[in-house]
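Visitor: The structure follows.
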Amino acid sequence: MENFLQKSHTKKILIIVSITACAIFFAALLGNKLLNQSKNKIENGIEKFLGQPATIEDLHFYFPNIIVLKNVTIQNPSYSEYKKIFFTEKIKLHFSLGRLLVKRRFVIKDVFLYKLEGNYSDFTFFLTKIVS
24 MENFLQKSHT
34 KKILIIVSIT
44 ACAIFFAALL
54 GNKLLNQSKN
64 KIENGIEKFL
74 GQPATIEDLH
84 FYFPNIIVLK
94 NVTIQNPSYS
104 EYKKIFFTEK
114 IKLHFSLGRL
124 LVKRRFVIKD
134 VFLYKLEGNY
144 SDFTFFLTKI
154 VS
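Just add 23 to the spot in the sequence shown (first one is 1) and you have the working numbering.
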């Protein structure tokens, strides 16, 4: 009798773990699909906020609260050819999942930039322009 209860208990735990893993997997797939559908909207929002054209090569969502933007470029359109103000290979954003679920507000908690490149004078002018 004891052996049967242990097998039954183990089976229930295995089913719960499997369902949870599937839910996380499908949440990540759905997050990536929604994020990639919104890529142009995100680029336009960045452009509107910063006042400079922005391009993002790729976006990824990692469950539960990480978004990675790959090959992000902010450009200066005042030159005859677009000149990069800065380029970063990767931006990693940590957002507040609690605020998103409870208050329906997207709040970024941390921003990490990887391999940042840019023209120093353009970048400092750009930063002073958006901060003021």
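Where is the CB? At the ideal position from N, CA and C, for every residue including glycine. Here the structure is a predicted model, which means the values were calculated and not measured.
So, Phe110 versus Glu80, is the Cβ gap smaller than 7 Å?
Guide: no
Visitor: So, is the C-beta of Pro76 closer than 7 Å to a C-beta in chain D?
Guide: No chain D is part of this structure, which consists of one protein chain only.
Visitor: With DSSP run on the structure shown, which of helix, strand or coil describes Val130?
Guide: coil
Visitor: Using only the alpha-carbon positions, how far apart do Phe86 and Ile47 sit?
Guide: 7 Å
Visitor: Nearest by alpha-carbon distance to Ala77: which of Ile90, Asn88, Gln98, Asn55 is it?
Guide: Gln98
Visitor: Is it buried or exposed for Phe49, if we count other Cβ within 10 angstroms and need 16 for buried?
Guide: exposed
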